Amino acid sequence: MRVRWAPLWLLAACAPVVQAAEPAGTFSIVAYDSLTNEVGVAVQSRVFGVGPRVAWVRGGVGAIATQAQSNESFGPTGLYLMDAGLSAEEALDWLLGHDEGRDSRQVGVVDARGGVATWTGRGCMDWAGDSSGTTFACQGNILAGRAVVAEMVRAFTAAAGEELAERLIAALEAGQAAGGDSRGQQSAAILIGRPHRDYPEYTFRYVDIRVEDHASPIAELRRLYEIYEAQGLLQAHMRFAEWMEASGDTAGAHAERDRVARTLTRVLARESADAGTLNSLAWFCATHDLHLEESLVAALRAVELQPEDANILDTLAEVYFRLGRVGEAIETEERALGLSPGDAYLQEQLQRFRSGSR
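The sequence shown maps to residues -20 to -1, 1 to 338 in mature numbering (1 follows the signal peptide of the UniProt record, and there is no 0).
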């Protein structure tokens, strides 16, 4: 069924009169990645649960951050406008033109062609301002000073070539290091959308991590992202690689597989990586026959951290088997079975290793 969108004149007629929210000191960044077609928002504020109030994305369409005395309807309405063909600048002009409270709003918009637009109303509380570059815009209010936004721009630009999520978090970290919200910290979020034919959920939640209430929300956002990176994001990269290969995009598929390798390198470099993260990483790579030597390092570290975990030992055995080290695979699986006698899955694994069957 074809979705039929309302015409713009009807949208204007139905535009709500929005009561201004309480001022919320916030700094955010919206950005587009031309290599992956991702759009995203990252934000921090001295309020509870800033993410759902500020960040709006749709892969293949655009991303919006609406803050200060925010008009939250700017999010869904702005995405509708860009989906209908308006640029980021045109969509922002339309939103502001239909909002009597525009002087108390702060908004950043990026479209899926890399166009950006940003607005800081004259009624936003000091320090308030914005700065944009190619494919991104940074904005903030009630900040320690203009250096907050300037440092966000510097950090995002310096991280060119990294995952969009990495660049967005780096911008938040730099903004906070420069003073951040003058009232302090409480919540942070990152939201990224990326279109995929077979996995439509990625369009709205390719990366969706929120820290609702924390003394150091950006540091916690980083910690949670690093867990997700070694699990859900690895799987997403492989899904995109397989999709691109099937579509004949060999260069794109190679880039996605390269991101898997870079993720593996980053995780192994972290002394803080826990057993669960290392185990998930090793299992994923082993079962996809990717980077087996590095997978072995991850699996051995996981076993060192939790030597009595049968599931982790099973992962190590799988890696050994994929490397052709069958004797060590059998020995390790026997250790796992000794910790969990009668486990049907472990018994099947042991039999598989003994028979040499993939």
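Quick reminder that beta carbons are idealized off the backbone N, C-alpha and C, glycines included.
Quantities reported herein were computed from a predicted structural model and do not represent experimental measurements.
Task: CB contact flag (residue 340, residue 278, <8 Å) - done: In this structure the chain extends from -20 to 338, so residue 340 is not present and cannot be described.
Open item on the list: What ranges does the alpha helix (DSSP H) occupy inside the stretch 48 to 92, keeping only unbroken runs of at least 4 residues that lie completely in it?
Closed with: Counting only runs of 4 or more, we get 54 to 63 and 68 to 77.
TODO: Could you tell me which of 26, 58 and 52 sits nearest to residue 167, measuring between CA atoms?
DONE: 26
Task: Residue from 160, 126 and 146 whose Cα sits closest to the Cα of residue 172 - done: 146
TODO: Would you mind listing the beta strand (DSSP E) stretches within the stretch 88 to 166 that are 3+ residues and don't spill past its ends, in chain order?
DONE: If we require 3 residues or more, the beta strand (DSSP E) runs fully inside the stretch 88 to 166 come out as 96 to 100, 109 to 113 and 116 to 121.
Task: residue 222 versus residue 250: straight-line alpha-carbon distance, rounded - done: 28 Å
Task: Per DSSP, cross-strand counterpart(s) of residue 34 - done: Beta-bridge analysis with DSSP links residue 34 to no other residue.
Open item on the list: Quick check on the burial criterion: 16 or more other C-beta atoms within 10 angstroms. Buried or exposed for residue 333?
Closed with: Counting the other Cβ atoms within 10 Å of the Cβ of residue 333 gives 16 or more, which makes it buried.
Open item on the list: Are the CB atoms of residue 7 and residue 105 within a distance shorter than 8 Å?
Closed with: no
- [ ] Give the DSSP-derived three-state secondary structure of residue 12 in the structure shown.
- [x] DSSP places residue 12 in the strand class (E or B) of the three-state scheme.
- [ ] Specify whether the stretch 35 to 47 and the stretch 75 to 90 touch according to this definition: at least 3 beta carbon pairs, one from each stretch, less than 8 Å apart.
- [x] yes
Open item on the list: Measuring only the C-alpha atoms, how far is residue 127 from residue 253?
Closed with: 33 Å
- [ ] Answer yes if the stretch 56 to 73 comes into contact with the stretch 18 to 33, meaning at least three C-beta pairs across the two stretches below 8 Å, and no otherwise.
- [x] No, because fewer than three Cβ pairs between the stretch 18 to 33 and the stretch 56 to 73 fall closer than 8 Å, the two stretches do not touch.
- [ ] For residue 275, collect the residues of the same chain with a Cβ closer than 6 Å to its Cβ; drop the 5 residues on either side in sequence, then sort them by chain order.
- [x] 262, 265, 266 and 299
Open item on the list: With H, G and I counted as helix, E and B as strand and the rest as coil, what does DSSP make of residue 269?
Closed with: coil
TODO: With a 10 Å radius around its C-beta and 16 neighbouring C-beta atoms as the bar for buried, classify residue 329 as buried or exposed.
DONE: buried
Open item on the list: Along the chain, where does the alpha helix (DSSP H) containing residue 247 start, and where does it finish?
Closed with: 230 to 249
Task: Own chain partners of residue 314 with C-beta closer than 7 Å, once the 5 adjacent residues on each side are dropped - done: 330
Open item on the list: Does the contact criterion of 3 or more C-beta pairs under 8 Å hold for the stretch 240 to 247 versus the stretch 204 to 217?
Closed with: Taking one beta carbon from each stretch, the stretch 240 to 247 and the stretch 204 to 217 have 3 or more pairs nearer than 8 Å; the two touch.
- [ ] Count the other CB atoms, across all protein chains shown, that sit within 10 Å of the CB of residue 112; report buried if there are 16 or more and exposed otherwise.
- [x] buried
Task: Buried or exposed (CB count within 10 angstroms, at least 16 for buried), residue 186 - done: buried
Open item on the list: Buried or exposed for residue 114, going by 16 or more other Cβ atoms inside 10 Å?
Closed with: exposed
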